[in-house]
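What follows is a single structure, written as structure tokens, with notes after it.
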Amino acid sequence: MPYLKPYTYVDGNVLDAANQDANDSSAKIFINQDIVQADYENEAFDTSDFQRGELDPIVGHHQFTTGEVWGRFNDSAVTRDRSYFTAHTKTNDDAQTSNNSKQYQAIYEAGDTFVLEHDGSIFFTFGAQFISQSNDTNTKGKWDSRVYLMVATPTNPTPTIVQGTRCYTFEETSAVASAGTKDPGSVNYIGTPAPRDDFKQNRRWVQFQWMVNNLSAGTYRFFVAVNPKVEQGFSSARQFTAEVFYDEKYQAV
Amino acid sequence: MGEERMPLITNKTNFAPGDVPTAAELNAPYDSLQSVGDDIDGTNTATGWITWRHTEAGLTGNAIANRLYQYNNDTTNETLYNNTSYVTISEGGNPAQLSLGFTSESGECVRFHASGMVGESTVTTDYDYAGLPGGNKGKPNYYAFRLLLNATVGGAPTTINLGEWGYSFTTKKSGNLTSITTPTLSGRIHWQPFAFSAVYSPNSSITFNSVELQCKVYDNTNSLSVERHQLYAVRAKR
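Chains A and B are the protein sequences, given in the same order.
First residue of the first sequence: 303, per my numbering; consecutive thereafter.
First residue of the second sequence: 254, per my numbering; consecutive thereafter.
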């Protein structure tokens, strides 16, 4: 609120030290730390008054004045490393395709560590092409390798899935065997069951936009991972960005 | 020297030894500070002084820079739609809708994001074999989403189409038409995620009431299955 003078001087009066101190102190407090939004003229500031953002060119992070953006930006001119995943790390053939056997394998360049200075939310945009080869030794079927955004924190280092980001990539197979819990689609001539398409169901563009809400200040590891049910799969073209909004729950200190 | 500042204190007496200050002289610096009122502006402040700490929401939640609106439905239930005109996606009685409820400035920019998952749609036709050449023969394969903004413009309620995004039920293409007369169905594409974004910036001040995520199919013999879905809006106040 505007500054209000606590004491008005009067000619001929002996100046009281306390009154003088009150005026000086109130002026000092107002100028130094008590100016608030109501004291500013409307529309007095533009973007030139804002603190410049900061780019870390090594990892592609940019801290904007109004928030922060992490991640690898999509650029079709950039060749991505193939990020392979395999179910062979599971203990046996049955475990490879079991829904109950979960080994989430992180996708390269689709994750980052976030240090939130205050409470906030993070908005993730992810897109990637996933290609899964057929299993050689296990029953061929419509195995669905599930893709999730996952999060780990220093106090809870075991990664947990963000359920709303669930996506699927499917085994390449020409077998009719019904195996996985999700049907990726099939080639069925009307009225005549036919073999499943060999190549189309195993190439999936996986994408999501998802807001993780109400995060407390702290350190988080968010990454996209796949629980593979195929012996070999990989992702090539990818994009992953994350945008931090400090709007929610932020309380000035 | 930097930019000249508008002084907050305009009247201050430089006293000399032996001076007897008057009340007016003593009152002057404090009165001039008080007269500033709410007129502090960019000339009083250093360039680059505003940081995100100054622009975010306080206890009132009234963010200066950004304002988020979000609808997350991470259901694993599939809801079928065979409507040929747009209807708002609704799962379990929960419409995919954001209440916005703000009046924008002219030229203000608001962005919208939506994503979700298409499940195991019921597909009976992906090509109009009986249709006339050059007609809508390929369109039965289509389904589409729309973001619809409900706004009040000039005092009158209206709707604004923020964009439409189309997808295909099957892998049908001209190269795999095994016959132009024998009906066949190409490979269905189940469990296909969708995601899209739009930016809207009105030319004048309008009231943003709500935004809805909608869907439709071209041919009502096909039913689109929609599973989880999300809708977001980010208001970037100027």
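Note that the Cβ used here is the ideal one computed from N, Cα and C, for glycine as well.
Open item on the list: Under 7 Å, CB to CB, which of the residues in the segment 462-491 of chain B have a partner in chain A?
Closed with: Listed by position, the residues of the segment 462-491 of chain B near chain A (Cβ gap below 7 Å) are 481, 483 and 485.
- [ ] With DSSP collapsed to three states, give me the class of residue 325 of chain A.
- [x] In the structure shown, residue 325 of chain A sits in a helix (DSSP, three-state: H, G or I).
- [ ] Provide the residue(s) that pair with residue 547 of chain A in DSSP beta bridges, ordered along the chain.
- [x] According to DSSP, residue 547 of chain A bridges with A:423.
TODO: Determine the direct distance from the alpha carbon of residue 418 of chain B to that of residue 453 of chain B, and round the result to whole angstroms.
DONE: Residue 453 of chain B and residue 418 of chain B have their alpha carbons spaced roughly 16 Å apart.
Open item on the list: Less than 6 Å between C-beta atoms, sequence neighbours within five positions excluded: which residues of the same chain meet that for residue 466 of chain B?
Closed with: Counting only residues of its own chain and dropping the five nearest sequence neighbours on each side, residue 466 of chain B has a CB closer than 6 Å to the CB of 342, 349, 367 and 484.
Open item on the list: With a threshold of 9 Å between beta carbons, is residue 289 of chain B in contact with chain A?
Closed with: Taking 9 Å as the threshold, the shortest C-beta distance from residue 289 of chain B to chain A falls below it.
Task: Check whether residue 332 of chain B and residue 472 of chain B have beta carbons under 9 Å apart - done: Result no, Cβ atoms of residue 332 of chain B and residue 472 of chain B do not sit closer than 9 Å.
- [ ] Could you run through the segment 441-463 of chain B and flag, in chain order, every residue whose CB is less than 7 Å away from some CB of chain A?
- [x] Of all residues in the segment 441-463 of chain B, those with a C-beta nearer than 7 Å to a C-beta of chain A are 441, 442, 443, 444, 446 and 448, reading in chain order.
Task: Per-residue DSSP class, three states only, for residue 364 of chain A - done: DSSP, read as helix, strand or coil, puts residue 364 of chain A in strand.
- [ ] Would you tell me roughly how many angstroms separate the C-alpha atoms of residue 420 of chain A and residue 473 of chain A, rounded to the nearest one?
- [x] Taking the straight line joining both Cα atoms gives about 42 Å.
Task: Status (buried if at least 16 other CB within 10 Å, exposed otherwise) for residue 402 of chain B - done: Answer is buried; the Cβ neighbour count reaches 16.
Task: Assigned secondary structure, residue 313 of chain B (DSSP; H/G/I helix, E/B strand, else coil) - done: Any reading at residue 313 of chain B must be qualified, since the residue scores a pLDDT of 49, below 50, and its modelled position is unreliable; the value itself is stated next. DSSP places residue 313 of chain B in coil when its eight states are reduced to three.
Task: Member of B:376, B:424, B:344 and B:414 whose CA lies at the smallest distance from the CA of residue 482 of chain B - done: Among B:376, B:424, B:344 and B:414, the Cα nearest to that of residue 482 of chain B is on B:344.
Task: N-terminal and C-terminal residue of the alpha helix (DSSP H) that residue 278 of chain B is part of - done: From DSSP, the alpha helix (DSSP H) with residue 278 of chain B extends over 276-288.
Open item on the list: Given a cut-off of 9 Å on the beta-carbon distance, is the pair residue 545 of chain A and residue 398 of chain A in contact?
Closed with: The Cβ atoms of residue 545 of chain A and residue 398 of chain A lie no closer than 9 Å to each other.
Open item on the list: Let me see if you follow: with CB-CB separation under 9 Å, is residue 407 of chain B close to chain A or not?
Closed with: Answer no: the Cβ-Cβ gap between residue 407 of chain B and chain A never drops below 9 Å.
TODO: Using a Cβ-Cβ cut-off of 9 Å, state whether residue 550 of chain A counts as contacting chain B.
DONE: A caution first: residue 550 of chain A carries a pLDDT of 47, below 50, which makes its placement in the model too unreliable to give a value.
Open item on the list: Under 8 Å, with one C-beta from each stretch per pair, do the segment 367-386 of chain B and the segment 433-444 of chain B reach the 3-pair mark?
Closed with: Yes: at least three Cβ pairs fall under 8 Å.
- [ ] Grab me the residues of residue 424 of chain B's own chain with a C-beta within less than 6 Å of its C-beta, minus the 5 sequence neighbours each way, in chain order.
- [x] Beyond the five residues adjoining it in sequence on each side, residue 424 of chain B comes within less than 6 Å, by CB distance, of 439 and 440 in the same chain, given in chain order.
Task: Proximal residues of chain A, C-beta to C-beta of residue 292 of chain B below 7 Å - done: Those within 7 Å of residue 292 of chain B in chain A are 343.
Task: Extent of the continuous alpha helix (DSSP H) run through residue 397 of chain A - done: Taken as a continuous stretch (DSSP letters only), the alpha helix (DSSP H) holding residue 397 of chain A covers 395-399.
Task: CB contact below 9 Å: residue 298 of chain B versus chain A - done: In terms of beta-carbon proximity, residue 298 of chain B lines the interface with chain A, with at least one pair separated by less than 9 Å.
Task: Cross-chain neighbours of residue 518 of chain A in chain B, by beta carbon under 7 Å - done: Per Cβ cutoff of 7 Å: no residues; residue 518 of chain A is ~15 Å from chain B at best.
TODO: Inspect the CB distances between the segment 510-518 of chain A and the segment 421-430 of chain A and report whether three or more fall short of 8 Å.
DONE: Taking one beta carbon from each stretch, the segment 510-518 of chain A and the segment 421-430 of chain A have 3 or more pairs nearer than 8 Å; the two touch.
Open item on the list: My output table needs one value for residue 423 of chain B: the three-state DSSP class, helix, strand or coil.
Closed with: Strand.
Open item on the list: Taking contact to mean 3 or more Cβ pairs, one atom from each stretch, closer than 8 Å, check whether the segment 524-541 of chain A and the segment 393-413 of chain A are in contact.
Closed with: In this structure the segment 524-541 of chain A lies against the segment 393-413 of chain A, because at least three pairs of beta carbons, one per stretch, are closer than 8 Å.
Open item on the list: Counting only C-beta atoms, is residue 491 of chain A closer than 9 Å to chain B at any point?
Closed with: Per-residue confidence for residue 491 of chain A stands at a pLDDT of 44, beneath the threshold of 50, marking its modelled position as unreliable; the derived number appears in the next sentence. With a threshold of 9 Å between beta carbons, residue 491 of chain A makes contact with chain B.
Open item on the list: Classify residue 328 of chain A: buried if its beta carbon has 16 or more other beta carbons within 10 angstroms, exposed otherwise.
Closed with: Only buried fits residue 328 of chain A, as 16 or more other CB atoms lie within 10 angstroms of its CB.
Task: Inter-residue CB distance, residue 351 of chain B and residue 450 of chain B (contact presumed, cutoff 8 Å) - done: Incorrect: roughly 14 Å between the Cβ atoms, too far for contact.
- [ ] Could you check how far apart the C-beta atoms of residue 287 of chain B and residue 305 of chain A are, in whole angstroms? I think they sit under 8 Å.
- [x] About 5 Å separates the two Cβ atoms, so the contact holds.
- [ ] Identify every residue that forms a DSSP beta bridge with residue 432 of chain A.
- [x] According to the DSSP secondary-structure assignment, residue 432 of chain A is paired through a beta bridge with A:506 and A:537.
Task: Where residue 261 of chain B meets chain E, residues with beta-carbon distance less than 8 Å - done: The structure shown contains no chain E; its protein chains are A and B.
TODO: Helix, strand or coil for residue 390 of chain B, going by three-state DSSP, please let me know.
DONE: DSSP places residue 390 of chain B in coil when its eight states are reduced to three.
Open item on the list: 9 Å is my cut-off, CB to CB: does residue 417 of chain B come that close to chain A?
Closed with: Under the Cβ criterion of 9 Å, residue 417 of chain B is not counted among the residues facing chain A.
Task: Outcome for residue 315 of chain A when other beta-carbon atoms lying within 10 angstroms are tallied against a minimum of 16 - done: Result: exposed.
Task: Rounded separation between residue 415 of chain B and residue 400 of chain B - CA only - done: Each residue's CA atom was taken as its position, placing residue 415 of chain B and residue 400 of chain B some 5 Å apart.
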